[in-house]
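Participant: For the sequence shown, the residue numbers in numbering that gives the first Met the number 0 are 0 to 250.
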Amino acid sequence: MAEAFGAEPERYDRARPRYPDELLERILSGLPGRRVLDVGTGTGILARQLQALGCDVLGVDPDPRMAEFARRSGVEVDVATFEAWDAAGRTFDALVSGQSWHWVDPIVGAARAAHVLRPSGRLAVFWNTGTPSEGLNAPFMDVYRRVLPAALVDRLTPEAIDATYASLCLRAEDGIRAAGAFGEPEQWRFEWRQVYTRDAWLDALATSGNAVPEDRLGELMEGIGAAIDVVGGSFTMGYLTVAVTALRVSS
C-alpha cells in the first residue's frame, strides 16, 4: 500500500493538505539550530514548508519516484527506509515525520531518532485528520456504504478514524519512552480549516493509495462529487493535526 502513493507524485503533491504553521513554529521554537531531518518526506510537502521557515532540510523516503519529485522541487532526499538509512555521522536539531510515522517501526524509529538528534533536539511526528462541514459527513458516509465493502466502510466512520489516530499516537509515545533518550512525550493538537472545490477534493480522494479498491474508485468519486454539487460545489474541511513530540535529553 505504501508503494501506491508514488504512482502519481504530481497529483499527490498538488492535492494533499499541508501542515499548520503554528505547529511548525512550535516545533522549531527553542531548538539549538534549524537542521531538520524529514522522515517519509514523500514529494517534499512538509520539507518545503520548513525551508520557507529558514530550515536546512534533508528528506528520507523509500520511494524513488516521490524522492525524484521532491528533488525537482528543491529538497535534498536520501532514498531508504528510515530503519535502514545510513546517517553517515550527520546530526540534526529536529526530526519530523508528517503523515508517515505509521510506516516506521515505532521502537526502532525512536531509537534511530535519538541517535541522530543533538541534545535538546526535538522529535515530532504528526498526522492530519479531517471532517467535512456543511452537513456532508452523512452524505459522504451514504456513498461509502453504497460503493465500498462493509469492512472498509467500518474503518471510515468518524469513531473509527478517531480510534485509529489515538492508536497511532499511543504507539509513537510508547516507542519514544522505550528509547530511553527523550523527555516525557507530549501530544499537541491544532485545529484549522481548508476550503475545497469539488474537483480539488476528488483530486485528493484519488491519492488514497490502495485504501480504496481500484474498481470502486470511479463510482466512489462520482457519488462524492454529486454530494458536493448538492451543497454548491465546494465545502470546508475541518482539519485536526495531532502531534506526538519529545525533546532529546543529554546523554
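Backbone N, C-alpha and C define an ideal beta-carbon position, used for all residues, glycine too.
So residue 91 packs on residue 34, CB below 8 Å; how close in whole Å?
Facilitator: About 5 Å separates the two Cβ atoms, so the contact holds.
Participant: Can you give the Cα-Cα distance for residue 147 and residue 15, rounded to whole angstroms?
Facilitator: About 22 Å.
Participant: Would you mind reading off the limits of the alpha helix (DSSP H) that contains residue 143?
Facilitator: Per DSSP, residue 143 belongs to the alpha helix (DSSP H) from 136-146.
Participant: Identify the residues that DSSP records as bridge partners of residue 192: which are they?
Facilitator: Note: residue 192 sits in a beta bridge opposite 237.
Participant: Quick check: the Cα distance between residue 0 and residue 54, rounded to an integer number of angstroms?
Facilitator: Legend: pLDDT at residue 0 = 48, less than 50; position of this residue unreliable, no value from coordinates given.
Participant: With residue 163 as the anchor, note down where its alpha helix (DSSP H) starts and where it stops.
Facilitator: From DSSP, the alpha helix (DSSP H) with residue 163 extends over 157-178.
Participant: Tell me whether residue 115 sits in a helix, a strand or coil according to DSSP, three-state version.
Facilitator: DSSP places residue 115 in helix when its eight states are reduced to three.
Participant: Just the Cα atoms here: how many angstroms apart are residue 235 and residue 192?
Facilitator: Approximately 7 Å between the Cα atoms of the pair.
Participant: Just reading off the beta strand (DSSP E) that residue 75 is part of, what are its end residues?
Facilitator: That run of the beta strand (DSSP E) goes 75-78.
Participant: Rounded to the nearest angstrom, what separates residue 73 and residue 149 at their Cα positions?
Facilitator: Roughly 42 Å between the two C-alpha positions.
Participant: Within the segment 57-111, note down every full beta strand (DSSP E) run reaching 3 residues or more, in order along the chain.
Facilitator: The qualifying runs are 75-78 and 91-97.
Participant: How is the beta strand (DSSP E) around residue 229 delimited, first residue to last?
Facilitator: Taken as a continuous stretch (DSSP letters only), residue 229 belongs to no beta strand (DSSP E), being part of the alpha helix (DSSP H) at 213-229.
Participant: Just reading off the alpha helix (DSSP H) that residue 201 is part of, what are its end residues?
Facilitator: Element bounds for residue 201: 197-204.
Participant: For residue 38, does the three-state DSSP call read helix, strand or coil?
Facilitator: In this structure, residue 38 counts as strand in the three-state DSSP scheme.
Participant: Please state whether the Cβ-Cβ distance between residue 94 and residue 115 is less than 8 Å.
Facilitator: Their beta carbons are under 8 Å apart, which means residue 94 touches residue 115 by this criterion.
Participant: How big is the Cα-Cα spacing for residue 165 and residue 9?
Facilitator: Their backbone Cα atoms lie some 30 Å apart in a straight line.
Participant: On the DSSP bridge list, what partners appear for residue 129?
Facilitator: In DSSP, residue 129 forms a bridge with 238.
Participant: Consult DSSP for residue 14 and reduce its assignment to one of helix, strand or coil.
Facilitator: Three-state DSSP puts residue 14 in a helix.
Participant: One question on the structure: do residue 31 and residue 120 come within less than 8 Å of each other, judged by their Cβ atoms?
Facilitator: Cβ distance < 8 Å, so residue 31 and residue 120 count as in contact.
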